[in-house]
Every structure is written in structure tokens, then in C-alpha cells.
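A.B. asks: Before I ask anything, let me first share the structure, which is written out below as C-alpha cells.
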Amino acid sequence: MEAKLGEFDLIWRFFKAGSESMAQTQTDQVLLGIGDDCALLQPDAAQNLAVTSDMLVEGRHFFAGANPEWLGHKALAVNLSDLAAMGAKPVGFTLALALPDANADWLAQFSQGLFRFAQQWQCPLIGGDTTQGPLTICITALGHVPAGAAIKRSGAKVGDDIWVSGTLGDARLALGALRNEWSLSPSGLEAVLPRMHQPEPRIALGLQLRGVASSALDVSDGLLGDLRHILKASQVNAEVLIDQLPTSPTLAEQTESLRRQCAANGGDDYELCFTAPAGKRMEVESLSTTLLPLTRIGSITFTSNGTEPTLMLRDANGNPLAAADSMQLRQSFDHFKSS
Ligand SMILES: [Mg+2]
1252 MEAKLGEFDL
1262 IWRFFKAGSE
1272 SMAQTQTDQV
1282 LLGIGDDCAL
1292 LQPDAAQNLA
1302 VTSDMLVEGR
1312 HFFAGANPEW
1322 LGHKALAVNL
1332 SDLAAMGAKP
1342 VGFTLALALP
1352 DANADWLAQF
1362 SQGLFRFAQQ
1372 WQCPLIGGDT
1382 TQGPLTICIT
1392 ALGHVPAGAA
1402 IKRSGAKVGD
1412 DIWVSGTLGD
1422 ARLALGALRN
1432 EWSLSPSGLE
1442 AVLPRMHQPE
1452 PRIALGLQLR
1462 GVASSALDVS
1472 DGLLGDLRHI
1482 LKASQVNAEV
1492 LIDQLPTSPT
1502 LAEQTESLRR
1512 QCAANGGDDY
1522 ELCFTAPAGK
1532 RMEVESLSTT
1542 LLPLTRIGSI
1552 TFTSNGTEPT
1562 LMLRDANGNP
1572 LAAADSMQLR
1582 QSFDHFKSS
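The letter at position 153 of the sequence shown is residue 1404 when you use the numbering used here, and the numbering goes up by one with no holes.
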């Protein structure tokens, strides 16, 4: 056991080297990174510190034997997605890693995916720990947002538009194909797999939504379920045009039922869903032109007055979805979501 634990100490030195290769990205907010008992950050009185943790467990959040490079990317990406949802700019992250054994090849690939993505967003690794155990990756990410400017879930107001970035459902479409729940053409699978393995959190969009969005979150568990968090926190009801949900060409050509299910309930997309006053429509449309497509998918209708919020689903013609279809979409949420 002693020898094993020694190996895990060596692993940590390996990550330290990766972190030092990013030394130039250590800003004046990170006074001291890896190497002492704690990292030291320099708090800025004009900023709020945003903190988020996400854990990925083998067999639960990813398949055993998953590509380590993709895992490195995804483990950090899902955390930075939470920062994006609140309009926070990444500052740094810590990594707690349990590994069944000290496999040098696995570590080299994992850290390549991790540090490449960290570099892209100038978000250095500032500390953490490794130990032996079932493969588990836990990252805590820190971000800055000007004091009072964080976009919370509780800010949606009656009359606000509901928007979503990019396209929804591809990660779930890919997962279902890998699980043989349905089949996809080889080119279709190739088109959607990156959405599942290497999500691109909408960090630039999150920063631009400060002062524009009234509420926001990232779509990690499926749009309808996630939107419900906004409705609950904001004490409002909403309606969503189910056929307006933006989908990729690959998902658009599936059956209506599969398309709706994946777009409405598929998890792991890491798009941003946000509300904004109708008066901000031009600003949002301008972001849609300059950053990435943003689609208006519905609106906030009434206050819920402390009762369970309702989410009305409408079809392409604006008619309420048939009760059975609506029920099926809602009820399937728990077992349909990816994890
Ligand atoms: Mg989130």
C-alpha cells in the first residue's frame, strides 16, 4: 500500500508540471498556485467569487474505458458551464482525482485534454489531490463576476422571453445510439458524438448576458427539467414552443417523437437557457449574430403565487400539445435524462 500511495504522490507532481506550464496565465487574482498547503487568491472587492463543483463517476457519468483526453476536457467543461450560467469569468480550478491505478498513458491523455481546455479559457489548476479508488473526477471551479451582476435563477419576470443557445439534444441522441436505444447512420453518429464527449460551455455568451438576461442556467439535465428550476426559483409559470427548440440537422431528421424527446429532455448539452425582458430582444438578437445562434423558445406567462409552477407546451402552430404527448414528455424526464 505504501508503494501505491507513493505512486499517487508522483501523479500529483505530474499535474503540478502541467499547471506550471500555464504559469503565464496566472493572473494577479492567483497569488500562489500549486506547491504549498493552500493556493492563495487575491480577492477583489469589486467582484463576487463564484464557486461550483461537479463530480464525474465512471459507470455513472461516463462509460468505463472512456477516452481519457475527452474526460479531461469534459470534467473541466461542465464546471466552466456552471460559471458561464451565472456570467462568471473563470479564475482557476482544483482537481480531486481517484484512480484505480497509476496508469501513465491514461494520465498523459487525461491531462492533455484537461490542460488544453484550461489554457483555452486561461483557467489554471491551483490545487487538489489524488488517491487510489474507483475512477472519480471532482473539479471545483472559481470565477469572478462584478459584485451584484451574477445572473441568478430567481430573476425571471412575467413577460420575459425564454431563450436557448446553440442546439439541444445531440448529446442524448449520441448516447442513445451508443446504448442501442435507436440507430444512427455512421455520419450522423460522427456528427453528434462531439456534443456528448467534448461539450463547449458557453462562457463568452455568459459574460455578454450580464445586464441582459434576467435569469439563466446551463442545460445539463434536460431543458424542461432545468427550466423548471428557473420557474421555481422565480415563482413564475411559462410556456414553451416545443417545435421551436433548436436542433442540429442530424436531430432534425429523426422522427418527431425522438426529436422532441432529445431536445426537450436530453441532458449533457451545456447550452445556456435564459430569460430576458422583451425590451432586450434586439440586444439578444445581436449576440445571436456575433457569438452563436440564440433561439426564442417561449415566454414567462404568470406568477405562480407560491404554487408548483406550470409549464405549458405548445406545438409548431401554437396549439397546446395533446395531453398524452405533453404527459409523455414530462413523465419521461426522469428516466430519459442522461444520468
Ligand atoms: Mg448548472
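By construction, the Cβ of each residue, glycine as well, lies at the ideal position given by its N, Cα and C atoms.
Helix, strand or coil: which one does DSSP assign to histidine 1448?
C.D. replies: Histidine 1448: helix per DSSP, three-state reduction.
A.B. asks: Which residues in the same chain as threonine 1498 place their Cβ atom closer than 7 Å to its Cβ, once the five residues preceding and following it in sequence are excluded?
C.D. replies: Contacts found: Thr1418, Leu1419, Gly1420, Arg1510 and Ala1514.
A.B. asks: Would you give the residue range spanned by the beta strand (DSSP E) that alanine 1467 belongs to?
C.D. replies: Its beta strand (DSSP E) spans residues 1466-1469.
A.B. asks: Can you tell me which residues form a DSSP beta bridge with cysteine 1374?
C.D. replies: DSSP, once it has assigned bridges, lists no residue as partnering cysteine 1374.
A.B. asks: With DSSP as the reference, label valine 1487 as helix, strand or coil.
C.D. replies: Valine 1487 falls in the strand class under three-state DSSP.
A.B. asks: So alanine 1524 and aspartate 1477 are in contact, right, with Cβ under 8 Å, and what is the actual spacing, rounded?
C.D. replies: First, the residue type needs correcting, since residue 1524 is cysteine and not alanine in the sequence shown. About 6 Å; that satisfies the 8 Å criterion.
A.B. asks: Return the chain-ordered ranges of every beta strand (DSSP E) run that is complete within the region 1368-1424 and spans a minimum of 3 residues.
C.D. replies: The qualifying runs are 1376-1383, 1387-1397 and 1412-1416.
A.B. asks: Taking only the alpha-carbon atoms, compute the straight-line gap between tryptophan 1321 and alanine 1398 and give it to the nearest angstrom.
C.D. replies: When rounded, the distance between both Cα atoms is 34 Å.
A.B. asks: Report all residues from its chain with a CB closer than 8 Å to the CB of valine 1470; omit the five preceding and five following residues, and keep chain order.
C.D. replies: The residues are Val1415, Leu1419, Asp1477, Gly1518, Asp1520, Tyr1521, Glu1522, Leu1523 and Cys1524.
A.B. asks: Measuring from the CB of serine 1485, is there a heavy atom of ligand 1 at a distance below 6 Å?
C.D. replies: For ligand 1, not one heavy atom lies less than 6 Å from the Cβ of serine 1485.
A.B. asks: What is the DSSP secondary structure of serine 1550, counted as helix, strand or coil?
C.D. replies: It is a strand residue.
A.B. asks: Got a sec: does ligand 1 put a non-hydrogen atom nearer than 6 Å to the Cβ of serine 1499?
C.D. replies: No - ligand 1 has no heavy atom lying nearer than 6 Å to the Cβ of serine 1499.
A.B. asks: For ligand 1, is there any heavy atom lying closer than 6 Å to the beta carbon of aspartate 1520?
C.D. replies: For ligand 1, not one heavy atom lies less than 6 Å from the Cβ of aspartate 1520.
A.B. asks: Can you name the residues that DSSP bridges to isoleucine 1285?
C.D. replies: Isoleucine 1285 pairs with Asp1287.
A.B. asks: Taking the beta carbon of glutamine 1505 as the centre, do at least 16 other beta carbons fall within 10 Å, making it buried, or is it exposed?
C.D. replies: The residue is buried, with at least 16 neighbouring Cβ atoms inside 10 Å.
A.B. asks: Between the region 1354-1362 and the region 1400-1411, can you find at least three pairs of beta-carbon atoms closer than 8 Å?
C.D. replies: No: the two stretches stay apart, fewer than three of their Cβ pairs being nearer than 8 Å.
A.B. asks: Kindly provide the chain-ordered list of residues whose Cβ lies closer than 7 Å to any non-hydrogen atom of ligand 1.
C.D. replies: Qualifying residues come out as Ser1332, Asp1333, Ala1336, Leu1468, Asp1469 and Ser1471.
A.B. asks: Is the region 1332-1352 touching the region 1381-1389 in the sense that three or more CB pairs, one from each, lie closer than 8 Å?
C.D. replies: Flag = yes, the region 1381-1389 and the region 1332-1352 touch.
A.B. asks: Counting C-beta neighbours from all protein chains within 10 Å, is the total for methionine 1337 16 or more, i.e. buried, or is it exposed?
C.D. replies: Classification for methionine 1337: buried.
A.B. asks: Compute the distance between the beta-carbons of glycine 1284 and isoleucine 1377, then report whether it is under 7 Å.
C.D. replies: Yes, the Cβ-Cβ distance between glycine 1284 and isoleucine 1377 is below 7 Å.
A.B. asks: Note the first and the last residue of the continuous beta strand (DSSP E) segment covering lysine 1531.
C.D. replies: No beta strand (DSSP E) contains lysine 1531, which DSSP labels as neither H nor E.
A.B. asks: With respect to the beta strand (DSSP E) encompassing asparagine 1516, which residues constitute its N-terminal and C-terminal limits?
C.D. replies: Unbroken run through asparagine 1516 is the alpha helix (DSSP H), 1507-1516; no beta strand (DSSP E).
A.B. asks: Quick one: Cα of serine 1270 to Cα of serine 1555, how far?
C.D. replies: Whole-angstrom Cα-Cα distance: 48 Å.
A.B. asks: For asparagine 1431, which three-state DSSP category applies?
C.D. replies: If DSSP states are grouped into helix, strand and coil, asparagine 1431 belongs with coil.
A.B. asks: Are there three or more Cβ pairs, one per stretch, closer than 8 Å when the region 1359-1374 is compared with the region 1479-1490?
C.D. replies: Short answer: they don't touch.
A.B. asks: Just to confirm the assignment: which complete beta strand (DSSP E) runs, minimum length 3, are found wholly within the region 1316-1362?
C.D. replies: Correct list: 1340-1350.
A.B. asks: In whole angstroms, what is the alpha-carbon distance linking glutamate 1559 and serine 1272?
C.D. replies: The straight-line gap from Cα to Cα measures roughly 50 Å.
A.B. asks: Just checking, does the region 1288-1298 make contact with the region 1421-1431 on the three C-beta pairs under 8 Å criterion?
C.D. replies: Taking 8 Å as the limit for Cβ pairs, the verdict is that the region 1421-1431 does not touch the region 1288-1298.
A.B. asks: Is the distance from the Cβ of alanine 1296 to the Cβ of valine 1396 below 7 Å?
C.D. replies: No, they are not a contact pair.
A.B. asks: Taking all protein chains shown into account, do 16 or more other C-beta atoms lie within 10 angstroms of the C-beta of serine 1533, making it buried, or fewer, making it exposed?
C.D. replies: It should be noted that the sequence gives methionine, not serine, for residue 1533. The residue in question, methionine 1533, is exposed, as its Cβ has fewer than 16 Cβ neighbours within 10 Å.
A.B. asks: Look at the Cβ atom of asparagine 1488, then the Cβ atom of isoleucine 1390, and state whether they are nearer than 7 Å.
C.D. replies: No, the Cβ-Cβ distance between asparagine 1488 and isoleucine 1390 is not below 7 Å.
A.B. asks: Is it right to say glutamate 1253 is buried, meaning 16 or more other beta carbons lie within 10 angstroms of its own, or is it exposed?
C.D. replies: Since pLDDT at glutamate 1253 reaches only 43, below the 50 mark, its modelled position is unreliable, and no value is offered.
A.B. asks: Evaluate glutamate 1507 with the Cβ neighbour count: other Cβ atoms within 10 Å of its Cβ, from every protein chain shown; 16 or more gives buried, anything less gives exposed.
C.D. replies: Its Cβ having fewer than 16 others within 10 Å, glutamate 1507 is exposed.
A.B. asks: Nearest-angstrom Cα distance between lysine 1267 and aspartate 1287?
C.D. replies: In a straight line, the C-alpha of lysine 1267 is about 11 Å away from that of aspartate 1287.
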